[in-house]
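Those letters in the sequence shown? Residues 9 to 428, per this note's numbering, in order.
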Amino acid sequence: DVGSQKARYVRITIEDYSPTQEGSTISWNTVSMYEVEIYNNEPVEPEVPEVPEVIVPEEGENVALSKTATSSSNETNAFTADKAVDGSKSRASRWASAVSSNPQWITVDLGAKTQIENIIIEWERKNATEYKVQVSDDNEIWTDVYAATSAPSKNRQEINLDKAIATRYVRVYIDKHIANADGVNWNNVSIYEIEIYNGGIPKGFDEIVNSIKVRDLTIDDEALPMPEVPEGYEISFVGADYEEVIGADMKINRPLVDTKVRVNFEVKQGDKKAYTPDIDVIVPGANEVTGNEVPTVIPELREWLGGAGNFEINNGSRIVISPSSEAELSKSMKVFAEDYKDIVGREIEVVVSDSPKTGDFYFELNNKRPELRKEGYYMNIGDFVKVESNEAAAAFLSTRTILQILKQNGTTIPQGITRD
9 DVGSQKARYV RITIEDYSPT QEGSTISWNT VSMYEVEIYN NEPVEPEVPE
59 VPEVIVPEEG ENVALSKTAT SSSNETNAFT ADKAVDGSKS RASRWASAVS
109 SNPQWITVDL GAKTQIENII IEWERKNATE YKVQVSDDNE IWTDVYAATS
159 APSKNRQEIN LDKAIATRYV RVYIDKHIAN ADGVNWNNVS IYEIEIYNGG
209 IPKGFDEIVN SIKVRDLTID DEALPMPEVP EGYEISFVGA DYEEVIGADM
259 KINRPLVDTK VRVNFEVKQG DKKAYTPDID VIVPGANEVT GNEVPTVIPE
309 LREWLGGAGN FEINNGSRIV ISPSSEAELS KSMKVFAEDY KDIVGREIEV
359 VVSDSPKTGD FYFELNNKRP ELRKEGYYMN IGDFVKVESN EAAAAFLSTR
409 TILQILKQNG TTIPQGITRD
């Protein structure tokens, strides 16, 4: 015990020592210590961190979350005030007042004087017809910062104060409410959640869903990028209206020219989920738009790359089936020949060959373009018309396009390429 001392450095000086320890046979001309410990016998009060006079939260922080909440009354022990600040907006987790026509209130204690600017009230029903938001520093003297004399227009009510204020207690005071509202007749008032913010209010679920965007695509994009969503949200791809360009795996099959595709996503937050509105995406094409205008057919061609000049039928025009596709296409091509005669007024021969000539219609089934799926076809209209598809049904659909154009033009079809 050296008494109470104040020092930064402590030194132990050994002025004399014996090489042999008393009672030991070891003789070594040094001195050694296992440990030096220094204590203060007088208790020291721990430093208390200084609390700022006014807490200024970061923008987007819900300062009401998990704070202490009290209320005028509760319908049951399951619907207490703390349920309105627990972060859950489910019907099972809410504050509900007792069944009564008396004024009701719910108070949130922020724990310290805090700067606030925006308040969100998630009403179960829009049945509060006269109510106000009040603030207090001591939970006794209250000042109104917002007052309403009619029911809120939406269940999620955003209240923006005229300016930021500093307060510790925030109270929603309902002077009057009606029993019959939103299809329910029950004489109480209930709130799913109260949120309090300094600065801007984070977007709500519906606003997040409706604001989903897809960035502009470039020619280098090989897949549709997944839009970003805030923390706590999930997003997944639902599909596109033109799967031949944007597949279910979000991969892009390069279209002939710039093509508009509509896509949708599903957004989830907890037990909430919703689909986005249609989002238009322009997928850059492999070619510039030039040449002949797209022919008019019903339904319209999905993709068209115009060429120059026209394909023209002649007295020697034939329907030519690739030898590898004869079994699958013979029946539908006979139907095409019959319809061709009705439209054009000429007989046309159906042959099997892999050598089409000028004025012919050539059909082949292959798997060169898997993006065409079951009903898509690729038609190259030049000196002869060449149609490729994965299945016979798609080849037959292409003949409907050919006949529509011939019915309008007589003997010609604009040259170009279509993927439809």
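We put the CB at the ideal spot given by N, CA and C, even for glycine.
Backbone secondary structure at residue i - three-state DSSP
{"i": "N417", "result": "helix"}
{"i": "S333", "result": "helix"}
{"i": "K342", "result": "helix"}
{"i": "D391", "result": "coil"}
{"i": "K349", "result": "helix"}
{"i": "E355", "result": "coil"}
{"i": "K75", "result": "coil"}
{"i": "F245", "result": "strand"}
{"i": "V62", "result": "coil"}
{"i": "E69", "result": "coil"}
{"i": "V141", "result": "strand"}
{"i": "Q277", "result": "strand"}
{"i": "D214", "result": "helix"}
{"i": "R99", "result": "coil"}
{"i": "L118", "result": "strand"}
{"i": "A89", "result": "helix"}
{"i": "L313", "result": "strand"}
{"i": "Q165", "result": "strand"}
{"i": "P378", "result": "helix"}
Environment of residue i [buried if 16+ CB atoms lie within 10 Å]
{"i": "A15", "result": "exposed"}
{"i": "S12", "result": "exposed"}
{"i": "I20", "result": "exposed"}
{"i": "N70", "result": "buried"}
{"i": "S98", "result": "exposed"}
{"i": "M437", "result": "Lying outside 9 to 428, the shown extent of the chain, residue 437 is not represented and no answer is given."}
{"i": "Y139", "result": "buried"}
{"i": "M341", "result": "buried"}
{"i": "N429", "result": "Since the displayed the chain opens at 9 and closes at 428, residue 429 lies outside it and no answer follows."}
{"i": "V141", "result": "buried"}
{"i": "I356", "result": "buried"}
Residue i versus residue j: straight-line alpha-carbon distance, rounded
{"i": "I63", "j": "T175", "result": "9 angstroms"}
{"i": "E236", "j": "E166", "result": "25 angstroms"}
{"i": "T226", "j": "S397", "result": "28 angstroms"}
{"i": "Q123", "j": "V18", "result": "49 angstroms"}
{"i": "F87", "j": "A248", "result": "44 angstroms"}
{"i": "S81", "j": "G208", "result": "31 angstroms"}
{"i": "P263", "j": "I290", "result": "10 angstroms"}
{"i": "R223", "j": "N261", "result": "18 angstroms"}
{"i": "V358", "j": "I425", "result": "23 angstroms"}
{"i": "N322", "j": "K365", "result": "11 angstroms"}
{"i": "V352", "j": "Q277", "result": "59 angstroms"}
{"i": "V246", "j": "D228", "result": "23 angstroms"}
{"i": "P257", "j": "L232", "result": "Correcting the residue identity first, residue 257 is Asp in this sequence and not Pro. Roughly 9 angstroms separates the two Cα atoms."}
{"i": "R381", "j": "E251", "result": "9 angstroms"}
{"i": "S363", "j": "V271", "result": "41 angstroms"}
{"i": "S32", "j": "N48", "result": "34 angstroms"}
{"i": "P422", "j": "Y348", "result": "18 angstroms"}
{"i": "V328", "j": "S361", "result": "6 angstroms"}
{"i": "T298", "j": "T409", "result": "21 angstroms"}
{"i": "W131", "j": "P111", "result": "16 angstroms"}
{"i": "E383", "j": "G191", "result": "48 angstroms"}
{"i": "V10", "j": "I46", "result": "11 angstroms"}
{"i": "K75", "j": "K171", "result": "23 angstroms"}
{"i": "K339", "j": "G317", "result": "32 angstroms"}
{"i": "W103", "j": "F273", "result": "33 angstroms"}
{"i": "L337", "j": "N218", "result": "47 angstroms"}
Interface flag, residue i vs chain D, CB-CB below 8 angstroms
{"i": "G240", "result": "Of the protein chains in the structure, only one exists, and it is not chain D."}
Test item: CB-CB of residue i and residue j under 8 angstroms
{"i": "S333", "j": "F371", "result": "yes"}
{"i": "V275", "j": "I243", "result": "yes"}
{"i": "I173", "j": "W113", "result": "no"}
{"i": "Y386", "j": "A403", "result": "no"}
{"i": "L118", "j": "V180", "result": "no"}
{"i": "G447", "j": "E379", "result": "Any answer about residue 447 is impossible in this case: the structure gives the chain only from 9 up to 428."}
{"i": "G315", "j": "N300", "result": "yes"}
{"i": "S79", "j": "S105", "result": "yes"}
{"i": "G367", "j": "E320", "result": "yes"}
{"i": "N126", "j": "N168", "result": "yes"}
{"i": "V107", "j": "N193", "result": "no"}
{"i": "I287", "j": "I220", "result": "yes"}
{"i": "A72", "j": "V116", "result": "yes"}
{"i": "T151", "j": "S161", "result": "no"}
{"i": "S35", "j": "P27", "result": "yes"}
{"i": "K121", "j": "E67", "result": "no"}
inquiry  = Assess contact between the region 87 to 97 and the region 187 to 201, defined as three or more Cβ pairs (one per stretch) separated by less than 8 angstroms. Is contact present?
reply    = yes
inquiry  = For the region 295 to 306 against the region 321 to 337, do three or more pairs of beta-carbon atoms, one drawn from each stretch, fall closer than 8 angstroms, so that the two count as touching?
reply    = no
query = Taking one C-beta from the region 270 to 289 and one from the region 214 to 225 each time, how about it: are there three or more such pairs within less than 8 angstroms?
reply = yes
query = Does the region 372 to 384 come within contact of the region 398 to 418, defined as at least 3 CB pairs closer than 8 angstroms?
reply = Short answer: they touch.
ask   = Using 8 angstroms as the threshold, is the region 260 to 267 in touch with the region 307 to 321, meaning 3 or more CB pairs across them?
value = yes
key: Sufficient close CB pairs (3 or more, under 8 angstroms) joining the region 134 to 141 to the region 185 to 195   = Three or more beta-carbon pairs separated by less than 8 angstroms link the region 134 to 141 to the region 185 to 195, which places the two stretches in contact.
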